[in-house]
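**Student:**
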Amino acid sequence: MAAVWLSAPGRLVLDAIIASMAGIGLLLSFILGRRAMRRRYFHRRDERVFALRQNWEAILSGAVPAANWRKEPLDSEIVEEMLLDDIEAAHMAGLSGEAARLLNVLRSSGLLATRLHEATAYEGWRRRRALVALGRTRAPEAVPMLARALEDPELETRVAAVRGLGGTGLPEAAIEMLDRVAGRGLSTPGLTLQNSLLECCQGCPEILRAYLDQPEGRSREMMARVLGELATPAMEEDILLLAADPLPEVRASAARALGVARPASAVELLSDLVKDREWFVRLRAVVAVGTIEDARVIPILIEALCDENRFVRLRAAGALARMGPRLEQIVSKVIETHDRFALHAIISEIERAGGVARLFSAISDPSRREDATAALMQALRAGQEQVRSAARAEGKPVVVPKSGKGNS
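Residue numbering for the sequence shown follows the numbering used here, starting at 43 and increasing by one per position.
Shown next, in the form of structure tokens:
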């Protein structure tokens, strides 16, 4: 056996086994050593977070000089993260004064200047990290630096700049992005840009008005979606132009804008969009109509209930089923359409919304008895087993009328 291992092939196999065992040992040593180092790092970090949080008010007030914690890289990193988290929390809570105080600490300690320098001097992931951090500061002086990064040749850097501008939530940041979208275009993922514009235009959606006529194609669709989320009644003329746009996605966004802004002409405009040739435009219009509490929308929704698209019918049925006091009249009008799919859709949604009990209670009201009885009988004829179970649970006999709407 020893002779076998001493031969040339045997030595080669033995050397390979020893090398593989050594490699495995080194790999295990690296993994265990890395885990030990990370465990030690996070333990030390937790200790420093606790110590800094204990002196947090003193750090903010300046009683603890910034030089005391700035000389330690870990402490400086922790304080910056805590400041950024508190700034975001203050803005979400509407505490503008507290947010301004925290931003002043970032300025006076030099942390903001450090991030501005990193966004200029570095490349790659360090620059992208600095750009995102600058956005979280919500500092106006960060906007020009972030805007310059929009011209970077690397896509990831441009995305980080867009995210940073959106994080500021400032109208000036929205103008920087919109200028590039309307001009040479901004080559970034559309959803990232849309979310950033939503963040920056929340307080003043009127910024979008000057840019709506300039971009084409996907950029115009994206800006229309932003307007659809933030529209106000004062933007009625702009919404009217979008509702007549040749791009179906823009018309769909106009329908959403009408549901959000609800200008005086909302019902009339939505009644036209409900008849659009594109099904998703009709769907958005029906969703918007369903948010308007007005008796004028009932005929529009009943018409949509007979739509050829199933999703449009279901949305219309859901909106009609929520109009509790008018359920019996609605069902009667649906019966008059002689559309079996429309009748099934409305009855299913009424049962799902708990409207069957209201129809039963309406039977005891002489002024509503005929319509309510007709609605319930049509539900039974439509083969709704759930409605039959509800009738048995109520313990109320439902008599089939021999004439009138009950037999329609």
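Just so you know, even glycine gets a beta-carbon here, dropped at the ideal spot from N, CA and C.
#1: I'd like to know whether the C-beta atoms of L300 and A330 end up nearer to each other than 8 Å.
#2: I'd like the list of long-range same chain contacts for L154, defined as Cβ closer than 7 Å, with 5 residues on each side in sequence excluded.
#3: Throw me the rounded Cβ distance for the A191 and A203 pair, which I believe falls under 8 Å.
#4: Cα separation between L283 and L233?
#5: Any contact of the region 325-342 with the region 296-310, i.e. 3+ C-beta pairs under 8 Å?
#6: So, R326 versus R304, is the Cβ gap smaller than 8 Å?
#7: Check this for me: beta carbons of R112 and G152, under 8 Å apart or not?
#8: Is the separation between the beta-carbon of E258 and that of V292 shorter than 8 Å?
#9: Output yes or no for whether 8 Å exceeds the beta carbon distance between L228 and V268.
#10: List the endpoints of the continuous alpha helix (DSSP H) containing L313.
#11: What distance in whole Å lies between the Cβ atoms of L94 and I120, which are believed to be in contact at a cut-off of 8 Å?
#12: Among D194, A387 and A296, which residue has its Cα nearest to the Cα of F353?
#13: By a C-beta neighbour count over all protein chains shown, 10 Å radius and 16 as the cutoff for buried, is M219 buried or exposed?
#14: For the candidate residues A132, R368 and T162, whose alpha-carbon lies nearest to that of V339?
#15: Might you give, ordered along the chain, the residues of its own chain that have their beta carbon closer than 7 Å to the beta carbon of S313, omitting 5 neighbours on each side?
#16: At what residue ranges does the region 171-252 contain a whole run of the alpha helix (DSSP H), taking only runs of 4 or more?
#17: Using the C-alpha atoms, what's the distance from A285 back to G270?
#18: How close, in whole Å, do the beta carbons of A361 and V328 come, if the pair is a contact with beta carbons under 8 Å?
#19: Measuring CB to CB, does A172 end up less than 8 Å from A189?
#20: Where does A105 sit, in a helix, a strand or coil, going by DSSP?
#21: Could you have a look at E271 and say whether DSSP puts it in helix, strand or coil?
#22: Would you call the region 204-219 in contact with the region 238-253, where contact means no fewer than 3 C-beta pairs closer than 8 Å?
#23: Does DSSP classify H380 as helix, strand or coil?
#24: Considering Cα atoms alone, identify which of A273, S261 and E320 is closest to P458.
#25: For K113, name the three-state secondary structure that DSSP assigns.
#26: What is the DSSP secondary structure of M134, reduced to helix, strand or coil?
#27: DSSP state of V55, grouped into three classes?
#28: Please name the residue in E378, V185 and R87 whose C-alpha comes closest to that of L158.
#29: Excluding five sequence neighbours on each side, which residues of the same chain lie with their C-beta closer than 6 Å to the C-beta of D287?
#30: Using C-beta distances below 8 Å, list every residue in its chain close to L254, excluding the 5 sequence neighbours before and after it, in chain order.
#31: In this structure, how does DSSP classify A327 when only helix, strand and coil are distinguished?
#32: Which residue's Cα is closest to the Cα of R205: L68, I372, L235 and A346?
**Tutor:** Quick answer:
#1: Using a Cβ distance threshold of 8 Å, L300 and A330 count as a contacting pair.
#2: Closer than 7 Å at Cβ, skipping near neighbours: L148, T179 and A181.
#3: Between A191 and A203 a beta carbon distance of about 4 Å is seen, short of the 8 Å cut, so the two are scored as contacting.
#4: So the alpha carbons of these two residues sit roughly 24 Å apart.
#5: Yes, they touch.
#6: It is not a contact, given that the beta carbons lie outside the stated cut-off.
#7: The answer is yes: Cβ separation under 8 Å.
#8: In this structure, V292 does not lie closer than 8 Å to E258 by Cβ.
#9: Taking 8 Å as the cut-off, the beta carbon of L228 is found no closer than this to the beta carbon of V268.
#10: For the sequence presented, residue 313 should be read as Ser rather than Leu. Taken as a continuous stretch (DSSP letters only), the alpha helix (DSSP H) holding S313 covers A308 to L315.
#11: Going by Cβ atoms, the distance from I120 to L94 rounds to 6 Å, so yes, they are a contact pair.
#12: Per the Cα distances, A387.
#13: By the beta-carbon neighbour count (other beta carbons within 10 angstroms, threshold 16), M219 is buried.
#14: Each of A132, R368 and T162 was checked against the Cα of V339, and the nearest Cα belongs to R368.
#15: Result list for S313: I342, in chain order.
#16: Fully enclosed alpha helix (DSSP H) runs of 4 or longer: 184-191, 197-210, 213-224 and 232-243.
#17: Cα to Cα, G270 sits roughly 11 Å from A285.
#18: Between V328 and A361 the Cβ distance is about 7 Å, and since that is below 8 Å, they are a contact.
#19: Cβ atoms of A172 and A189: not closer than 8 Å.
#20: For A105, the three-state secondary structure derived from DSSP is coil.
#21: The answer is helix: DSSP assigns E271 an H, G or I state.
#22: Yes: at least three Cβ pairs fall under 8 Å.
#23: Taken through DSSP and simplified to helix, strand or coil, H380 comes out as coil.
#24: For the chain, the structure presents residues 43 to 450; residue 458 sits outside this window and is missing.
#25: K113: coil per DSSP, three-state reduction.
#26: Helix, per DSSP.
#27: Note: V55 maps to helix in three-state DSSP.
#28: Taking L158 as reference, the option from E378, V185 and R87 with the minimal CA-CA separation is V185.
#29: Counting only Cβ-Cβ distances below 6 Å, and skipping sequence neighbours, we find R293.
#30: Hits under 8 Å: R262, M265, A266, L269, D280, L283 and L284.
#31: Three-state DSSP puts A327 in a helix.
#32: The candidate whose alpha carbon is nearest that of R205 is L235.
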